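Visitor: Following this message is one structure expressed as structure tokens.
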Amino acid sequence: MSLDRISHYPVMLEEVKSLIKKPNIIVDSTFGGGGYSKDFLKNFQNCKVIAFDRDKSSETIAEKLTNTNKSRFTFYNSKFSKIEKFIINDLHNVTHFIYDLGVSNYQLKNLDRGFSYQSNSELKMTMGINEITATSLLNERDEKYLARIIKLFGDEKDAKKIARNIILFRKNKRIISSDELKKIILKSKKKYQKKDPYAQTFQALRMVVNQELSEIFYSLKSLMENCSIGTTFIILSFHSLEDKLVKNIFNFFGKSVNQSRYLPQKEKKVNFKIFKKKPMVPKLSEIRLNPSSRSAKLRFIQKTNNHKIFINKSDTKMEEFFDLEEKLYE
Ligand SMILES: C[S@@+](CC[C@H](N)C(=O)[O-])C[C@H]1O[C@@H](n2cnc3c(N)ncnc32)[C@H](O)[C@@H]1O
Numbered sequence: 004m005s006l007d008r009i010s011h012y013p014v015m016l017e018e019v020k021s022l023i024k025k026p027n028i029i030v031d032s033t034f035g036g037g038g039y040s041k042d043f044l045k046n047f048q049n050c051k052v053i054a055f056d057r058d059k060s061s062e063t064i065a066e067k068l069t070n071t072n073k074s075r076f077t078f079y080n081s082k083f084s085k086i087e088k089f090i091i092n093d094l095h096n097v098t099h100f101i102y103d104l105g106v107s108n109y110q111l112k113n114l115d116r117g118f119s120y121q122s123n124s125e126l127k128m129t130m131g132i133n134e135i136t137a138t139s140l141l142n143e144r145d146e147k148y149l150a151r152i153i154k155l156f157g158d159e160k161d162a163k164k165i166a167r168n169i170i171l172f173r174k175n176k177r178i179i180s181s182d183e184l185k186k187i188i189l190k191s192k193k194k195y196q197k198k199d200p201y202a203q204t205f206q207a208l209r210m211v212v213n214q215e216l217s218e219i220f221y222s223l224k225s226l227m228e229n230c231s232i233g234t235t236f237i238i239l240s241f242h243s244l245e246d247k248l249v250k251n252i253f254n255f256f257g258k259s260v261n262q263s264r265y266l267p268q269k270e271k272k273v274n275f276k277i278f279k280k281k282p283m284v285p286k287l288s289e290i291r292l293n294p295s296s297r298s299a300k301l302r303f304i305q306k307t308n309n310h311k312i313f314i315n316k317s318d319t320k321m322e323e324f325f326d327l328e329e330k331l332y333e
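Sequential numbering of the sequence shown, starting at 4, is according to this note's numbering.
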């Protein structure tokens, strides 16, 4: 199934565009099916677009855009944590960085990719440029590690039982397919009230295999620390952990007093401005048209001065998540 043939509505496109003022270079950090890039090239006549996606299959769509917009569009098949390296000479001309996080429809619907539990397929869950698949994670990591990631990334209360049953299953056979994992999950959850008992475990595995939170941290760290005054970051997240991380990073760079009202209010230096405390969400009309947009949260922030401010993992208060993602590759 080709990427062109899967319909994709670029989520909150109108809201994203309303935040793009006087674009020079727009970086589309998550090109996917190219919905945003195509629209930016069409509607912002004089801007350039530099796009990134870790998924090799985005390249075919990108090639078509490169052919029709030779001097205005460039695509790199890379993780977004590495963006700075590719645009080092252009960084100071970038006016907007856009991130539309998560998996694309194509990745979800293409059974060979093994993201979905709606039908039986090999558990891969790799977005692209990965060394480890969900199958190797499930078959090669110890019980404690599996329980911890399923609990933390999936917020799954039966994480320990699921991890135990993964280990028991492995004694006889490697876990290869989504059906095998689904059986293990069902067996571990005595009475599940939720309609969908699988989503949390599948999501936890996907996030860790792709190191999704570390990718966001390292990308924003390098670009927010080094970009120019006026640069705007627009980020759409679809999951509470992603949104929490984006919010905490934005607050670090943009919130001048600490958060807790129980602590003495201490002014700190900031170099970004947060325009809205609450994230923007899709309109009802968009959710009706594209139900998968319903969980989108859009946050944006703009650089306002050149104070040198550097973020560490501990400043996000989500260090344990990064440690677990990094441990997978040790
Ligand atoms: C929701 S889709 C983007 C859809 C796109 N805005 C459009 O309109 O077609 C997210 C895309 O981000 C890519 N992606 C996710 N994490 C990434 C990362 N760390 N680096 C680069 N690309 C990433 C995925 O491969 C996927 O294609």
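Each residue gets a CB set at the ideal place from its N, CA and C atoms; glycine is no exception.
Bear in mind that the values here come from a model prediction, so they are computed numbers and not experimental data.
Can you give the Cα-Cα distance for glutamate 18 and lysine 45, rounded to whole angstroms?
Guide: Position 15 of the sequence shown, counted from the start, is the residue given in the question as residue 18. Position 42 of the sequence shown, counted from the start, is the residue given in the question as residue 45. Looking at the two C-alpha atoms, the distance is approximately 16 Å.
Visitor: Looking at the secondary structure, which residues open and close the beta strand (DSSP E) in which valine 30 lies?
Guide: Taking the first residue of the sequence shown as position 1, residue 30 is located at position 27. Note, valine 30: beta strand (DSSP E), 28–31.
Visitor: Quick one: what does DSSP say aspartate 58 is sitting in, helix, strand or coil?
Guide: By one-based count along the sequence shown, residue 58 stands at place 55. The answer is coil: DSSP assigns aspartate 58 none of H, G, I, E or B.
Visitor: How is threonine 98 classed by DSSP in three states: helix, strand or coil?
Guide: Taking the sequence shown and counting its residues from 1, one reaches residue 98 at position 95. Threonine 98 falls in the strand class under three-state DSSP.
Visitor: I'd like to confirm something about arginine 57: is its beta-carbon nearer than 7 Å to some heavy atom of ligand 1, or not?
Guide: Translated into positions along the sequence shown, residue 57 becomes position 54. The answer is yes for arginine 57.
Visitor: For phenylalanine 55 versus serine 21, is the C-beta spacing smaller than 8 Å?
Guide: Locating residue 55 in the sequence shown gives position 52, counting from the first residue. Locating residue 21 in the sequence shown gives position 18, counting from the first residue. No, Cβ-Cβ distance for phenylalanine 55 and serine 21 is not below 8 Å.
Visitor: Is isoleucine 252 closer than 8 Å to isoleucine 277 when the C-beta atoms are compared?
Guide: By 1-based counting over the sequence shown, the position of residue 277 is 274. By 1-based counting over the sequence shown, the position of residue 252 is 249. No; because the gap between Cβ atoms is not below 8 Å, this pair is not in contact.
Visitor: With DSSP as the reference, label lysine 276 as helix, strand or coil.
Guide: Your numbering for residue 276 matches position 273 in the sequence shown. DSSP places lysine 276 in strand when its eight states are reduced to three.
Visitor: Phenylalanine 236 lies in the beta strand (DSSP E); which residues open and close that run?
Guide: Residue mapping note: residue 236 aligns to position 233 of the sequence shown, counting from 1. 235–240 is the extent of the beta strand (DSSP E) around phenylalanine 236.
Visitor: Once DSSP output is grouped into helix, strand and coil, what is the label at tyrosine 39?
Guide: Position 36 of the sequence shown, counted from the first residue, corresponds to residue 39. Correct three-state label for tyrosine 39: helix.
Visitor: Go ahead and label leucine 266 buried or exposed: buried means 16 or more other beta carbons lie within 10 angstroms of its beta carbon, across all protein chains shown.
Guide: Position 263 of the sequence shown, counting from 1, holds the residue named residue 266. So leucine 266 counts as exposed.
Visitor: To test your reading of the DSSP string, which unbroken alpha helix (DSSP H) runs of 4 or more residues are found completely within the region 136–160?
Guide: Whole alpha helix (DSSP H) segments, 4+ residues: 137–143 and 146–157.
Visitor: Any idea what DSSP makes of methionine 128, helix, strand or coil?
Guide: Within the sequence shown, the letter at position 125 stands for residue 128. Correct three-state label for methionine 128: coil.
Visitor: Would serine 259 pass as an interface residue toward chain C - the criterion being a Cβ-Cβ separation below 8 Å?
Guide: Going by chain labels, chain C is absent from the structure shown, which holds only one protein chain.
Visitor: Are there 16 or more other CB atoms within 10 angstroms of the CB of glutamate 159, so buried, or fewer, so exposed?
Guide: The residue given as residue 159 occupies position 156 in the sequence shown. Glutamate 159 comes out buried.
Visitor: If you pair each beta-carbon of the region 286–295 with each one of the region 183–199, do three or more pairs fall below 8 Å?
Guide: Flag = no, the region 286–295 and the region 183–199 do not touch.
Visitor: In whole angstroms, what separates the C-alpha of leucine 114 from that of lysine 127?
Guide: To locate residue 114, count along the sequence shown from 1; it is residue 111. To locate residue 127, count along the sequence shown from 1; it is residue 124. Distance between the alpha carbons of leucine 114 and lysine 127: 10 Å.
Visitor: With a cut-off of 8 Å on the beta carbons, I'd call asparagine 168 and lysine 190 a contact; round off their distance for me.
Guide: Locating residue 168 in the sequence shown gives position 165, counting from the first residue. Locating residue 190 in the sequence shown gives position 187, counting from the first residue. Contact flag correct, Cβ pair sits at about 6 Å.
Visitor: Could you tell me whether any non-hydrogen atom of ligand 1 is closer than 7 Å to the CB of glutamate 218?
Guide: As a position in the sequence shown, residue 218 is number 215, starting the count at 1. True, at least one ligand heavy atom lies under 7 Å from that Cβ.
Visitor: Roughly how many whole angstroms lie between the Cα atoms of glutamate 183 and threonine 319?
Guide: Numbered from 1 along the sequence shown, position 180 holds the residue referred to as residue 183. Numbered from 1 along the sequence shown, position 316 holds the residue referred to as residue 319. Distance between the alpha carbons of glutamate 183 and threonine 319: 36 Å.
Visitor: Which of helix, strand or coil does DSSP assign to methionine 1?
Guide: As shown, the chain starts at 4 and ends at 333. That puts residue 1 outside it, with no answer to give.
Visitor: Output the boundary residues of the beta strand (DSSP E) element that contains isoleucine 91.
Guide: Along the sequence shown, one-based indexing puts residue 91 at 88. No beta strand (DSSP E) contains isoleucine 91, which DSSP labels as neither H nor E.
Visitor: Is the beta carbon of aspartate 182 within less than 7 Å of some heavy atom of ligand 1?
Guide: Residue numbering aside, residue 182 sits at position 179 when the sequence shown is read from its first letter. Answer for aspartate 182: no, Cβ out of range of ligand 1.
Visitor: Tell me whether threonine 77 sits in a helix, a strand or coil according to DSSP, three-state version.
Guide: Taking the first residue of the sequence shown as position 1, residue 77 is located at position 74. Strand, per DSSP.
Visitor: Say the cut is 7 Å; is the CB of phenylalanine 236 nearer than that to a heavy atom of ligand 1?
Guide: Locating residue 236 in the sequence shown gives position 233, where the first residue counts as 1. No, Cβ of phenylalanine 236 sits at least 7 Å from all heavy atoms of ligand 1.
Visitor: By the 10 Å Cβ neighbour count, where 16 or more other Cβ atoms means buried, how is glutamine 268 classified, buried or exposed?
Guide: Position 265 of the sequence shown holds residue 268. Glutamine 268 should be labelled exposed.
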